[in-house]
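In the working numbering, the protein residues as written are 21 to 194. We put the beta carbon where it would ideally sit given N, CA and C, even for glycine.
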């Protein structure tokens, strides 16, 4: 008798797509899950660096030029991770982080800032954000922050279709 692990390995297969490996179901052309990241980032150099990191990791990166465009992209692709440049937000980053994080699918918002300290991180988390990422980007820092946000998003309690977010009927996963 085959072990449960062997049956799972038969069911799922690894597929090379470009330079990355992705899991896909047998007979399917595409990956089972592919991470979508929405980025509200201002500088061309920052955009190029971020695009390179996401390309090497096999993530789909969607750039937004305005906060409204970021909200639209977030809702359209149900992006679990949003990168938001502190310098791009003229009305203040707190309301932007709060608004982006309040999506029905509870996206994890990572604030990007040239100045990062414990106070800023506490404020980001208090306003509903997930983390703070420093500029200039370092590939390992971007990868760590995005992977942790995605992992948290995948494991966090999500309301079922018939529940409203914020009600006492939300599930709690331990």
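**OP:** Indicate whether the contact test is met: 3 or more Cβ pairs, each with one atom in the segment 72-89 and one in the segment 137-152, closer than 8 Å.
**Re:** no
Subject >> Where the alpha helix (DSSP H) containing residue 116 begins and where it ends >> reply: 113-121
**OP:** Report the rounded CA-to-CA distance for residue 98 versus residue 125, giving the unit in angstroms.
**Re:** 7 Å
**OP:** Can you have a look at residue 80 and say buried or exposed, based on whether 16 or more other CB atoms are within 10 angstroms of its CB?
**Re:** exposed
**OP:** Assign residue 155 to one of two classes, buried (16 or more other C-beta atoms within 10 Å of its C-beta) or exposed (fewer than that).
**Re:** buried
**OP:** Would you grab the beta carbon distance between residue 152 and residue 133 for me? Rounded to a whole angstrom, and I think it's under 8 Å.
**Re:** 6 Å
Original post:
What are the boundary residues of the beta strand (DSSP E) that residue 133 is part of?
Top reply: 128-133
Original post:
Just how far apart, CA to CA, sit residue 166 and residue 117?
Top reply: 16 Å
Original post:
Looking at the structure shown, is residue 151 part of a helix, part of a strand, or coil, going by DSSP?
Top reply: strand
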